[in-house]
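Start counting the sequence shown at 23; every next residue gets the next number (our numbering).
Glycine included, every Cβ here is placed at the ideal spot set by N, Cα and C.
All values derive from a computational prediction rather than experimental measurement.
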Amino acid sequence: MIVDALGRRFRNLRVSLTAACNYACTYCVPNGKRLQAATHELDAEEMVRAVQLLMDAAGIDRLRITGGEPMLTPKFDTFLPAVMKLGLKDVSVTTNGQFVLRKLDTLLDSGLRRINVSLDTLDADRFRSIARSGDLATVLGGLEAVKDAGLKVKVNMVPMRTANADQILPMLDYCLERGFELRFIELMQMGHLKTSQAFQRDFIGMADILEAIGEHYEFSRTDAPYDSTAVRYEIPGAGTFGIIANESEPFCSACTRLRLSSNGHLYGCLSSAASHDMKPVLALPEHHALASLQSILMRALGDKQRNTFTGEVTVMKFIGG
Ligand code: SAM
């Protein structure tokens, strides 16, 4: 097992199944162009082999299937059932929710237990101005369907000063009523936000999120796994919520995440543009592949920051948000 001086190792893998997305969220895509062609992407079989090799070489035991929009590619239908059979401790899918109803049978037949749905507002007009596509009612219908089917649901919301700050409480109420755990993700300086003024304008930190919630709810901080990205809070008798506080409370020193982009590159850190091509490894026989992965993984682990999230110009949908 490869471990660094801070005791960090790779345990959580995020796979970007495709960089293509049917949304063009303002914080992810600068020019509003969606469905951007993703070139030289791995096929489903190569991606499953990559996951298996990373389980064996790095000790990966948790997988998040993301993108782009993972449900947009036909690869999803073969990748999900295949990785569900690999013996991982935990598998989840992060989706914008537009195709959840259509994919419900695939999700349930695979044995998936939980899902993360990204939703930034309950207001239909604002929804369209943030996502620049999609349909709010479809996402809400998908959320009801996965709830009724018994999946555990987390909802991801990125609060932004000029776009949806007033949605913090309505979103929390909506999630608490349905037993969903809402995760507020602090806006990250990724992609165009690394260099644009929009980040300073729109960033809302953990303290302000907690202040808004504190006007209506009493809450206390509760346990989270040591390598969790989220700080978790409990509202007695009502439920829990979390904040992924990259800026306010960076968790780099306990970060166990590794990312595989849709074109086969490994990324050890969101705050580093360094990537390591895994494609040549996929063509090797098992023992050669594992040996060659060790040196790649050592370099990827070396890319991690000590404890500051600085962001990068890399776009989230390429490397798997
Ligand atoms: N299409 C899927 C979805 O919408 O969940 C998966 C990909 S998306 C890149 C994954 C998550 O990254 C979403 O919850 C999105 O809100 C978040 N995200 C993307 N760019 C971000 C940024 N600059 N700051 C914070 N969160 C971001």
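In terms of residue numbering, what span does the beta strand (DSSP E) encompassing residue i cover?
i, result
"H62", "Where H62 is concerned, there is no enclosing beta strand (DSSP E), given that its DSSP letter is neither H nor E."
"M179", "174-179"
"V37", "34-38"
"L28", "Note, L28: premise wrong, no beta strand (DSSP E); not H, not E."
"L288", "287-289"
"R124", "Counting along the chain, R124 falls outside any beta strand (DSSP E), and DSSP gives it neither H nor E."
"R205", "203-207"
Determine the extent of the alpha helix (DSSP H) in which residue i is found, giving its start and end residues.
i, result
"Y196", "190-200"
"E308", "308-324"
"V115", "Premise fails: V115 lies in the beta strand (DSSP E), 112-117, not in any alpha helix (DSSP H)."
"L304", "301-304"
So, residue i versus residue j, is the Cβ gap smaller than 8 Å?
i, j, result
"G133", "G164", "no"
"L144", "M193", "yes"
"M210", "N138", "no"
"L203", "G286", "Reading off the sequence shown, one finds Glu at residue 203, where the question assumed Leu. Result no, Cβ atoms of E203 and G286 do not sit closer than 8 Å."
"K97", "D65", "yes"
"E136", "L173", "The sequence given here places Arg at residue 136; Glu does not occur at that position. Closer than 8 Å, so yes."
"L126", "A167", "yes"
"G89", "R31", "no"
"H214", "P52", "yes"
"V37", "L288", "no"
"S270", "M228", "yes"
"K335", "A295", "Going by the sequence as given, residue 335 is Val instead of Lys. Yes, the Cβ-Cβ distance between V335 and A295 is below 8 Å."
"A46", "R223", "no"
"S275", "L85", "no"
"P272", "F221", "no"
"G290", "D325", "yes"
"V115", "I87", "yes"
"R33", "D83", "yes"
"I318", "H298", "yes"
"V253", "C50", "no"
"G156", "N44", "yes"
"T217", "T244", "no"
"L141", "F121", "no"
Please report the Cβ distance between residue i and residue j, rounded to the nearest whole angstrom; I am assuming they are in contact, meaning their Cβ atoms lie under 8 Å.
i, j, result
"F206", "M179", "6 Å"
"A41", "S284", "5 Å"
"L35", "F101", "No, L35 and F101 are not in contact; Cβ-Cβ is about 13 Å, not under 8 Å."
"I190", "I235", "7 Å"
"L315", "A79", "4 Å"
"R148", "A187", "At roughly 11 Å, the Cβ-Cβ gap does not stay under 8 Å, so R148 and A187 are not in contact."
"L280", "A322", "6 Å"
"A72", "L304", "6 Å"
"R124", "K169", "Going by Cβ atoms, the distance from R124 to K169 rounds to 17 Å, so no, they are not a contact pair."
"L198", "A260", "5 Å"
"M300", "I24", "Not really, about 15 Å apart at Cβ, beyond 8 Å."
When you measure from the CB of residue i to every non-hydrogen atom of ligand 1, does any distance come out below 7 Å?
i, result
"I207", "yes"
"E91", "yes"
"S140", "yes"
"T88", "yes"
"C274", "no"
"C43", "yes"
"N178", "yes"
"Y49", "yes"
"N53", "no"
"M320", "no"
"T116", "yes"
"M228", "no"
"M338", "yes"
"M193", "no"
"M210", "yes"
Taking 7 Å as the cut-off, does the CB of residue i come closer than this to any heavy atom belonging to ligand 2?
i, result
"L215", "Among the ligands present in this structure, namely ligand 1, ligand 2 is not found."
Under 8 Å between C-beta atoms, does residue i make it to chain C?
i, result
"A46", "Absent from the structure is chain C; it holds one protein chain and no more."
So within the segment 216-285, which uninterrupted beta strand (DSSP E) runs reach at least 3 residues, ignoring any that extend past its ends?
Listed in chain order, they are 242-244, 253-257, 261-266, 279-282.
Just list the alpha helix (DSSP H) runs in the segment 130-184, keeping only unbroken ones of 4 residues or longer that don't cross its boundaries, in chain order.
Whole alpha helix (DSSP H) segments, 4+ residues: 146-153, 158-170.
Complete runs of the beta strand (DSSP E) confined to the segment 65-106 [at least 3 residues]:
Counting whole runs of 3 or more residues, the segment 65-106 contains the beta strand (DSSP E) stretches 84-88.
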